[in-house]
Amino acid sequence: MLLQVENLAVSYGNIKALHGIRFQVDEGEIVSIIGANGAGKSTTLRAISRLVPVAPGSRMSFMGKDLLQYPAHKVVTELGISHVPEGRRLFENLTVMENLRLAAFARKDADHIKRDMERVFDLFPRLKERLSQKAGTLSGGEQQMLAVGRAMMSAQKMMLLDEPSMGLAPLLMLNLFEALKELNQAGTTILLVEQNARMALQFAQRGYVLESGNLVLAGKSQELLENPEVRKAYLGG
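So the sequence shown is numbered by UniProt numbering: it starts at 1 and just counts up by one.
Structure, rendered in structure tokens:
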């Protein structure tokens with residue numbers, strides 16, 4: 001087991017966003033969390049990345065290590081968990097290359113950095129064509145590629161993806177998910193949050209359904225795709 005989450009609770013003031021959820025992700029898996037807006041999907045990823053405080057009694061471990069003992073920057077540099085947030089959060093005034101290099105600032109392994117840069121360009125050749133272009137001038141699809149590429153440069157044991165298909169044309173979305181599958185096959189475990197439930201479940205091996213801060217269903221992706229409740233609520237019947 002790579003990631004174990006137990007009794008995870010998060011509140012924003014008096015508003016409870018997560019009500020003691022429990023799930024796990026095994027090494028090499030692609031796992032999706034689906035749900036409506038406001039269900040707590042992004043909060044779940046932000047909690048794993050240690051970007052939001054969790055309630056007493058919450059427990060999270062990664063590779064047997066207590067995640068709660070790590071600040072956000074060490075979750076990336078020491079544990080190898082990268083986070084592609086909703087909205088991409090690129091440095092728009094920096095070039096493609098500068099964004100990628102900045103993601104690797106804490107790394108000392110020059111040979112591996114060079115190898116990882118080559119892998120980014122293998123997966124996303126369009127980025128190589130735009131190395132000196134400022135990130136803010138890229139198309140939406142190119143910005144999403146750069147956000148994933150930046151995560152690849154910072155850490156590769158596990159990648160957390162928050163709404164990667166948002167704003168993408170169907171063809172670009174398919175291309176992105178194909179690249180993510182290649183990344184997974186090369187050894188990166190993926191936890192995906194996605195409002196496009198059909199795409200998420202077709203991409204992942206297993207899934208969880210989150211409603212109002214509670215996990216209400218779990219199972220293999222095909223089982224969830226065939227579940228009448230999931231079909232009615234998230235797949236258009």
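Built from N, CA and C at the ideal position, the CB exists for glycine as well.
A quick note: this is a predicted structure, and the numbers were derived from the prediction, not measured.
For this session: Can you give me the start and stop residues for the beta strand (DSSP E) that residue 43 sits inside?
Result: Residue 43 -> not in any beta strand (DSSP E); alpha helix (DSSP H) instead, spanning 41 to 48.
Exercise. Unbroken beta strand (DSSP E) runs of length 3 or more, entirely within the stretch 109 to 193: which are they?
Worked result: 158 to 162, 189 to 193
For this session: Below 8 Å on the Cβ atoms is my guess for residue 58 versus residue 8; work out the distance and round it to an integer in Å.
Result: 5 Å
Exercise. Is residue 231 helix, strand or coil when you go by DSSP?
Worked result: helix
Exercise. When you compare only the Cα positions, how much space is there between residue 111 and residue 81?
Worked result: 20 Å
Exercise. Which of the three DSSP states, helix, strand or coil, is assigned to residue 68?
Worked result: helix
Exercise. Residue 99 by DSSP, collapsed to three states: which one?
Worked result: Helix.
Exercise. Which residue's Cα is closest to the Cα of residue 44: 163, 230, 128, 63?
Worked result: 163
Exercise. If you count every other CB in all the chains shown that lies within 10 Å of the CB of residue 34, and 16 or more means buried, which is it?
Worked result: buried
Exercise. Taking all protein chains shown into account, do 16 or more other C-beta atoms lie within 10 angstroms of the C-beta of residue 127, making it buried, or fewer, making it exposed?
Worked result: buried
Exercise. Does the Cβ-Cβ distance between residue 134 and residue 93 come in under 9 Å?
Worked result: yes
For this session: Just tell me which of 216, 204, 189 has its CA closest to the CA of residue 196.
Result: 204
For this session: Within 10 angstroms of the Cβ of residue 37, are there 16 or more other Cβ atoms? Answer buried if so, exposed if not.
Result: Here residue 37 is exposed. Its C-beta has fewer than 16 other C-beta atoms within 10 Å.
Problem set entry | Between the CA atoms of residue 69 and residue 16 - distance to the nearest angstrom | 23 Å
Problem set entry | Pick from 143, 147, 6, 107 that is closest to residue 67, judged by C-alpha positions | 6
Exercise. Per DSSP, which one or two residues make a beta bridge with residue 62?
Worked result: 3, 65
Exercise. Does DSSP put residue 218 in a helix, a strand or coil?
Worked result: strand
Problem set entry | Helix, strand or coil at residue 17 [DSSP, three-state] | Here residue 17 sits in strand by DSSP.
Exercise. Going by the beta-carbon positions, is the gap between residue 207 and residue 39 smaller than 9 Å?
Worked result: no
For this session: Taking residue 198 as part of the beta strand (DSSP E), name the residues at either end of that continuous run.
Result: Careful: residue 198 lies outside any beta strand (DSSP E), inside the alpha helix (DSSP H) at 197 to 203.
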